[in-house]
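Worksheet: the structure to be examined is printed underneath.
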Amino acid sequence: MTTHKDIDVKGHDFELIPFSSGRRMCPGISFALKILELTLANVLHWFEIETPSGEAVDMREAPGLTSPKATPLEVKITPRLPAFVYQ
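Reminder that position 70 of the sequence shown reads as 70 in UniProt numbering, one-by-one numbering, no gaps.
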């Protein structure tokens with residue numbers, strides 16, 4: 001997961017241009033990135049995420065235009081706190 005750690009998703013690197021770049025760059029990039037960070041932080045904070053078998057996640061890619069995973073990602077999500085806290 002760290003092979004492309006130097007690539008910037010904000011449009012400064014031309015290897016990955018998710019929101020375009022330059023003058024025609026998407027004006028919602030900063031909002032979208034903040035919402036993505038907030039959503040991911042909440043999921044990681046409130047839930048335990050693990051693989052059903054307890055093994056490491058296989059990060060190999062299958063050939064294709066969109067780099068699909070070689071094996072499907074299967075995770076087990078359980079709440080961190082007891083059920084009465086969420087009511």
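A virtual CB, placed ideally from N, CA and C, is assigned to each residue, including glycine.
Exercise for the section: Would you be able to state if there are at least three C-beta pairs under 8 Å between the region 27 to 42 and the region 67 to 87? Expected result: They do not touch, by the three-pair rule.
Practice task
State the start and end residues of the unbroken alpha helix (DSSP H) segment that holds T39.
Solution key: Per DSSP, the continuous alpha helix (DSSP H) segment holding T39 begins and ends at I29 to W46.
Problem - DSSP beta-bridge partners of T78 - result: The partner list for T78 (beta bridge, DSSP) reads E48.
Practice task
Using alpha carbons as the reference points, say which of E74, V85, G28 and P79 lies closest to P52.
Solution key: When only C-alpha atoms are compared, the closest one is E74.
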